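The numbering of the sequence shown is our numbering, which starts it at 8 and goes up by one. C-beta atoms are modelled at their ideal positions from N, C-alpha and C, and glycine is treated no differently. None of the values given here were measured: they were computed from a predicted structure. The structure under discussion appears below in the form of structure tokens.
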Amino acid sequence: MKFALTHPFTCSYLPEEDEQLIVLTDADPVSVEHYQYLLGAGFRRSGEHVYRPHCPQCNACQSLRIPVAQFKPSRGQRKLIKATQHIEHRLSETNKTEYYPMYARYIAARHQDGSMYPPSQEQYHTFTQAPWGNPQYLELWLDSQLVGLAITDVTEQALSALYTFFEPDLSTLSLGTLAILRQIEVAKSLGKAHLYLGYQIDQCDKMNYKSRFHPHEKFIRGNWYREQDQG
């Protein structure tokens, strides 16, 4: 595999820091097997682009994964599981037309200051799809309404959460947390070892929710280290 290092640019999560990425530049197509290996080495994808932070002065971004067989929900997560039993989840292998309007509402309501705004059909497709594998779509249904979606990559050994969005006026239902809990449930049912959640950034409020799932493992200096619940 061939890789390249980007030029420094302002970090979108920690604006006082500069960011650099290692990006996969292979001319040969990436396979699902390749991507599984890269996930295990701390990489992630955005669309067809596979990358990993490589910032000389900062190591705030740490890839995080959950060993699903050992996962134990916290007290708050157990309460959420009980309170949302009426919310059904369904799995789809198809990128349905009704997904994008909800994505557009979510981005417009919650991420107007980010690079994904303004949303468009082309941007949504480019971000979520990859030519080497079809993601799985975990739908959240409240009565007869689709209220949330978790787009998840599937490999032989793991699931990788790519992006989750939901109806912004239903934020009190904690649908983002529920989507992760349901992905863990699905990963267990499929016999997967891990659910990858992308990068954990302790100093960023929008990104540090991932560390609330225990136990979890972080990729630090080339190795995975497990962190247990501290109570």
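Would you report the Cα separation of residue i and residue j, rounded to the nearest angstrom?
{"i": "Gln152", "j": "Gln190", "result": "20 Å"}
{"i": "Gln237", "j": "Gln77", "result": "Note that Gln237 scores a pLDDT of 44, beneath 50, so its modelled location is shaky; the value from the coordinates is reported in the next line. The alpha-carbon atoms of Gln237 and Gln77 are separated by roughly 15 Å."}
{"i": "Trp139", "j": "Asn230", "result": "26 Å"}
{"i": "Gln92", "j": "Gly83", "result": "15 Å"}
{"i": "Tyr20", "j": "His223", "result": "22 Å"}
{"i": "Ser127", "j": "Ile88", "result": "33 Å"}
{"i": "Cys62", "j": "Leu28", "result": "7 Å"}
{"i": "Val242", "j": "Ala34", "result": "This structure leaves residue 242 out entirely; the chain is present only between 8 and 238."}
{"i": "Arg72", "j": "Ala48", "result": "12 Å"}
{"i": "Phe10", "j": "Ala137", "result": "18 Å"}
{"i": "Pro125", "j": "Arg117", "result": "11 Å"}
Are residue i and residue j close, meaning C-beta to C-beta below 8 Å?
{"i": "Val37", "j": "His56", "result": "no"}
{"i": "Val154", "j": "Leu188", "result": "no"}
{"i": "Ile94", "j": "Leu185", "result": "yes"}
{"i": "Tyr58", "j": "Arg51", "result": "yes"}
{"i": "Leu156", "j": "Met109", "result": "yes"}
Starting from the Cα of residue i, find the closest Cα among the options and give me that residue.
{"i": "Trp148", "options": "Pro142, Thr135, Phe172, Ala165", "result": "Phe172"}
{"i": "Thr162", "options": "Thr32, Lys9, Tyr42, Leu177", "result": "Tyr42"}
{"i": "His14", "options": "Arg52, Leu169, Pro60", "result": "Pro60"}
{"i": "Arg219", "options": "Glu100, Ile208, Phe226", "result": "Ile208"}
{"i": "His221", "options": "Gln27, Asp33, Ser81", "result": "Ser81"}
{"i": "Asp120", "options": "Pro22, Glu234, Phe10, Lys9", "result": "Pro22"}
{"i": "Thr32", "options": "Met8, Asp25, Leu46", "result": "Met8"}
{"i": "Asn66", "options": "Glu234, Tyr232, Arg228, Arg233", "result": "Arg228"}
{"i": "Thr133", "options": "Tyr107, Glu146, Gly198, Arg97", "result": "Tyr107"}
For residue i and residue j, which I take to be in contact (beta-carbon distance under 8 Å), what is that distance rounded to the nearest angstrom?
{"i": "Val75", "j": "Lys195", "result": "5 Å"}
{"i": "Gly205", "j": "Ala168", "result": "7 Å"}
So what does residue i bridge to, in DSSP terms?
{"i": "Arg52", "result": "Val57"}
{"i": "Ala168", "result": "Thr159"}
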